[in-house]
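J.: Residue numbers (the numbering used here): 2 to 288.
Using N, Cα and C, we set each Cβ at its ideal position, and we do this for glycine too.
One structure follows; several queries about it will come next.
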């Protein structure tokens, strides 16, 4: 049996992916906050009534719980779920850097799943997609340094982020961003920290080190919100320890699972958010 904590945009995307994968012999129970409890949603061809998540919700045995309701919900309810022998897969940032919680991208470090003590964290959205090509390159050539520049879609900020873009919100009409995302690129994702990085940038730096098991790897990041609905873009500049062949790296990327090389600039063939939208793969152009 699987428990899904359903809140907002991310939860509905999780449901869509679960429908695509059609896991057999699994029953689902959907939960939300009190505000949304009692509403109905169509899932796997059935009408599901969403239940209110409480401290007693886990008294009924669940094998797995997918949390996608933010850090405060995960902090409160994940330990309760674990105490009832339920394995939590957490989408929030709350447990990602905890030393006893594996941070997992299935194509990159699936073996770390076995290290869990009841909670498995998944990384920040921009970190996840970066890991696939980086791991392939690191395996053969050993990465010496990484410079990230991201161009992140408004969907990463949830429903209100999308509404700010679609409604061309400005001034008092803004629901999510500190200034209008319409016609702007905003170099401000999450809060600014004392060292000058935003928390989003810090997440990418520290999560990359943890996933690659490279705690001393030099990394810097600049994260920017752009007026695109879905699909984050990234420029990743890497320095390698070993001498490399660009053609070999291209072959490595072309043969890697869930990576699609889209690289023929003479024909205007390169990764685009509009083409990547709705796909699971990471679309890559190699410079």
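Would you tell me roughly how many angstroms separate the C-alpha atoms of residue 59 and residue 3, rounded to the nearest one?
T.: Roughly 11 Å between the two C-alpha positions.
J.: Just checking, does the stretch 37-51 make contact with the stretch 66-84 on the three C-beta pairs under 8 Å criterion?
T.: As far as the Cβ criterion goes, the stretch 37-51 does not touch the stretch 66-84, which means the pair count is below three.
J.: Rounded to whole angstroms, what is the Cα-Cα separation between residue 283 and residue 255?
T.: The alpha-carbon atoms of residue 283 and residue 255 are separated by roughly 11 Å.
J.: State whether the stretch 223-239 contacts the stretch 174-189, with contact taken as three or more CB pairs (one from each stretch) at a distance under 8 Å.
T.: Segments in contact, yes.
J.: Taking residue 73 as the reference, give the member of 92, 233, 62 and 153 with the closest Cα.
T.: The shortest C-alpha separation from residue 73 is found at 92.
J.: Please classify residue 193: is it buried, with 16 or more other beta-carbons within 10 angstroms of its beta-carbon, or exposed?
T.: Its Cβ having fewer than 16 others within 10 Å, residue 193 is exposed.
J.: Considering only the alpha carbon of each residue, which of 14, 42, 117 and 39 lies closest to residue 65?
T.: Comparing Cα positions, the closest option is 117.
J.: Is the beta carbon of residue 212 less than 8 Å from the beta carbon of residue 132?
T.: Yes, the pair counts as a contact, with Cβ atoms nearer than the cut-off.
J.: Is residue 46 helix, strand or coil by DSSP?
T.: Reduced to three states, the DSSP call for residue 46 is coil.
J.: What residue ranges within the stretch 21-96 form continuous beta strand (DSSP E) runs of no fewer than 3 residues, ordered along the chain?
T.: Correct list: 29-33, 41-44, 47-50, 65-68 and 88-91.
J.: Rounded to the nearest angstrom, what separates residue 191 and residue 262 at their Cα positions?
T.: So the two alpha carbons sit approximately 31 Å from each other.
J.: Going by other Cβ atoms of all chains shown within 10 Å of its Cβ, with 16 needed for buried, is residue 178 buried or exposed?
T.: Buried: at least 16 other Cβ atoms inside 10 Å.
J.: Which residues bound the beta strand (DSSP E) around residue 236?
T.: Residue 236 -> beta strand (DSSP E) spans 234-241.
J.: Between which two residues does the alpha helix (DSSP H) harbouring residue 161 extend?
T.: Where residue 161 is concerned, the enclosing alpha helix (DSSP H) stretches over 160-167.
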